[in-house]
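The structure appears right after this line, and notes come after that.
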Amino acid sequence: MLKQLSLDHANMARMLHVLDLKYRILQQGERPNFHLMREVVDYILAYMEEFAVSLEQGFVERLKTYLPEQADMADQMLADYRKLRPRLEDLSDDIDRVLMDNVLPMDRFAADLKEYLEEHRRYLQQERRELFPLLEQRFDEKDTEAFAQAMPDNADKVVERLQEAYPELCAELEEADVPPLE
Numbered sequence: 000m001l002k003q004l005s006l007d008h009a010n011m012a013r014m015l016h017v018l019d020l021k022y023r024i025l026q027q028g029e030r031p032n033f034h035l036m037r038e039v040v041d042y043i044l045a046y047m048e049e050f051a052v053s054l055e056q057g058f059v060e061r062l063k064t065y066l067p068e069q070a071d072m073a074d075q076m077l078a079d080y081r082k083l084r085p086r087l088e089d090l091s092d093d094i095d096r097v098l099m100d101n102v103l104p105m106d107r108f109a110a111d112l113k114e115y116l117e118e119h120r121r122y123l124q125q126e127r128r129e130l131f132p133l134l135e136q137r138f139d140e141k142d143t144e145a146f147a148q149a150m151p152d153n154a155d156k157v158v159e160r161l162q163e164a165y166p167e168l169c170a171e172l173e174e175a176d177v178p179p180l181e
């Protein structure tokens, strides 16, 4: 279970890194590949909807059962995770505007992108520092099975389908030298 979470974190870090590279291009006053940015954003949104939210909810509920003193932290983390989606949807709308050649202030778009990246990275770091150690200490085979049950049907197929749907993104990820999250 923790292996899967670690793999998910590594994959999400790669996605965020690709967006960060595009942000850096914006900062240099150049036009990044907005089609690739569209793929990244769509991938993350689909992943959140089809996979991550139910998994995160299961972790939080189970953690609250074992460590009620951590309930506030768990609830806050889930709320923080859920706040990422509307921010990402706003970025998605802005990317659509750019792709349709509508006027959009690039400085505002870049600032929104930077803020989203910082928030998502902060969330991943908090999970790694605070949540993962608790899960490792307290969860056993029974818990792993409960999480397997909470996963969407054919979860492995969801990830495969996402990878097939975004070939340009997959190619970019294979080439990216992704720095680790601190």
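For the sequence shown, numbering that gives the first Met the number 0 assigns the number 0 to the initial residue and increments by one for each residue that follows. C-beta: ideal position from N, C-alpha, C; glycine also.
Option nearest residue i by Cα separation, candidates the options
i, options, result
"histidine 34", "Asp92, Pro85, Glu48 and Met72", "Asp92"
"glutamine 56", "His16, Val40 and Leu130", "Leu130"
"alanine 78", "Leu98, Val39 and Glu118", "Glu118"
"alanine 45", "Arg13, Leu87, Leu18 and Pro132", "Leu87"
"phenylalanine 138", "Asn101, Glu60, Val39 and Glu163", "Glu60"
"glutamate 49", "Arg84, Met72, Glu140 and Lys2", "Arg84"
"histidine 8", "Glu144, Arg121 and Leu66", "Arg121"
"aspartate 111", "Leu18, Pro132 and Glu140", "Leu18"
Cα-Cα separation between residue i and residue j, rounded to whole angstroms
i, j, result
"leucine 74", "aspartate 142", "Note on residue identity: the sequence assigns aspartate, not leucine, to residue 74. Using only the alpha carbons, I get a separation of about 19 Å."
"glutamine 27", "lysine 113", "14 Å"
"arginine 127", "leucine 90", "25 Å"
"arginine 96", "arginine 37", "11 Å"
"glutamate 163", "tyrosine 115", "26 Å"
"lysine 144", "leucine 123", "One point to set straight first is that residue 144 is glutamate, not lysine, in the sequence displayed. Between glutamate 144 and leucine 123, the C-alpha separation is close to 24 Å."
"alanine 109", "arginine 23", "9 Å"
Buried or exposed (CB count within 10 angstroms, at least 16 for buried), residue i
i, result
"glutamate 68", "exposed"
"methionine 11", "buried"
"leucine 134", "buried"
"lysine 21", "buried"
"tyrosine 42", "buried"
"aspartate 71", "exposed"
"aspartate 100", "exposed"
"proline 31", "buried"
"leucine 4", "buried"
Sufficient close CB pairs (3 or more, under 8 Å) joining the segment 103-110 to the segment 58-77: When Cβ pairs closer than 8 Å are counted between the two stretches, the segment 103-110 is seen not to touch the segment 58-77, the count staying below three.
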